[in-house]
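*Asks:* Just so we're aligned, residue 59 is where the sequence shown starts under the working numbering, counting upward by one. Let me begin by handing over the structure; questions about it come next.
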Amino acid sequence: MPFEVQRRACGLALALLVVGCAANDAADPASSMLDTQAAVAAAIDVRADGCGPLIGFGTGTVIDGGDIVTAAHVVAGSTAVEVIDRNGARAAAEVVLFDPALDFAVLRPASAVGTPLTIRPLEARQNEVGVLVRIRERDGAMEVEQIDVRVVREANISTTDIYIEREVVRDGFEIESSVDTGDSGAMVVLPGGGAGIVWARSNRVNGRAWAIDLPNGIIDGTALTAEIAPVDVGQCISR
Numbered sequence: 059m060p061f062e063v064q065r066r067a068c069g070l071a072l073a074l075l076v077v078g079c080a081a082n083d084a085a086d087p088a089s090s091m092l093d094t095q096a097a098v099a100a101a102i103d104v105r106a107d108g109c110g111p112l113i114g115f116g117t118g119t120v121i122d123g124g125d126i127v128t129a130a131h132v133v134a135g136s137t138a139v140e141v142i143d144r145n146g147a148r149a150a151a152e153v154v155l156f157d158p159a160l161d162f163a164v165l166r167p168a169s170a171v172g173t174p175l176t177i178r179p180l181e182a183r184q185n186e187v188g189v190l191v192r193i194r195e196r197d198g199a200m201e202v203e204q205i206d207v208r209v210v211r212e213a214n215i216s217t218t219d220i221y222i223e224r225e226v227v228r229d230g231f232e233i234e235s236s237v238d239t240g241d242s243g244a245m246v247v248l249p250g251g252g253a254g255i256v257w258a259r260s261n262r263v264n265g266r267a268w269a270i271d272l273p274n275g276i277i278d279g280t281a282l283t284a285e286i287a288p289v290d291v292g293q294c295i296s297r
């Protein structure tokens, strides 16, 4: 999926959600602590079935209300989704928001898993450091690893939707981190809470990856309601 970095702009509308620029002078992220324990407690192993002989997988994060945010390409085309937390608690989940342009999705588990992570109201800033959590069930045991992250820069990223059908621009940021297969959808956790969702590794620079800013509706809790229904998750893509 090719992409191009542009100068950062604010107020860009993308598909289902509007991604705006938060007031970065509202508070100083450096005054908040990096809560790695909260990052681990909120991390979720996401399994998506229905697109071939193998189960697709990615990473999600529990937010306020018990919903789980992840990348849209993790669940695209799926007929069944399962989520598993660090303690091995598992639940079926429905996709209740699916945005292929932003590469963002929200899952609603049938029963509670994980512990909600605080979402910070500020965008990621250059040279902030934090973590993302790599979580995977292997042979019946949960493997959980904290991966160091540094924000390289904020950027507008020109790319395509997840189906490579139309050009889009995503507000987000570049990170320095050892992102690997299965880390798609992982939350970049910085001082003050979750700040963005990993969606791609750089194909030019080793140890670099890209994250999208969290939509305003997720930050302020207005994106979803208790009555929201499952949505169409489109066609399968190559994972």
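Where is the CB? At the ideal position from N, CA and C, for every residue including glycine.
1) Could you give the distance in angstroms between the alpha-carbon of residue 240 and the alpha-carbon of residue 193?
2) Indicate whether residue 219 and residue 158 have their beta-carbon atoms separated by less than 8 Å.
3) Name the one or two DSSP bridge partners that residue 192 has.
4) What separation, rounded to the nearest whole angstrom, lies between the Cα atoms of residue 251 and residue 153?
5) Would you list the one or two residues that DSSP bridges to residue 105?
6) Based on DSSP bridge pairs, tell me the residues matched to residue 167.
7) Assign residue 247 to one of three DSSP states: helix, strand, or coil.
8) Are the CB atoms of residue 46 and residue 187 nearer to each other than 8 Å?
9) Can you tell me the Cα-Cα spacing of residue 183 and residue 232, whole angstroms?
10) Are residue 300 and residue 125 touching if we call contact CB-CB under 8 Å?
11) Which value, in whole angstroms, describes the spacing of the CA atoms of residue 284 and residue 102?
*Replies:* In short:
1) By one-based count along the sequence shown, residue 240 stands at place 182. By one-based count along the sequence shown, residue 193 stands at place 135. When rounded, the distance between both Cα atoms is 9 Å.
2) Numbered from 1 along the sequence shown, position 161 holds the residue referred to as residue 219. Numbered from 1 along the sequence shown, position 100 holds the residue referred to as residue 158. Contact flag set, yes.
3) Residue numbering aside, residue 192 sits at position 134 when the sequence shown is read from its first letter. In the DSSP output, where bridge partners are listed per residue, residue 192 has 203.
4) Start at 1 with the first residue of the sequence shown, and residue 251 comes out as number 193. Start at 1 with the first residue of the sequence shown, and residue 153 comes out as number 95. About 24 Å.
5) Translated into positions along the sequence shown, residue 105 becomes position 47. According to DSSP, residue 105 bridges with 115, 140.
6) Along the sequence shown, one-based indexing puts residue 167 at 109. Residue 167 is bridged to 151.
7) What you label residue 247 is simply residue 189 of the sequence shown in a count that begins at 1. Here residue 247 sits in strand by DSSP.
8) Any answer about residue 46 is impossible in this case: the structure gives the chain only from 59 up to 297.
9) Position 125 of the sequence shown, counting from 1, holds the residue named residue 183. Position 174 of the sequence shown, counting from 1, holds the residue named residue 232. For residue 183 and residue 232, the distance between alpha carbons rounds to 10 Å.
10) Absent from the structure is residue 300, since the part of the chain shown begins at 59 and ends at 297.
11) As a working mapping, residue 284 is identified with position 226 in the sequence shown. As a working mapping, residue 102 is identified with position 44 in the sequence shown. Looking at the two C-alpha atoms, the distance is approximately 21 Å.
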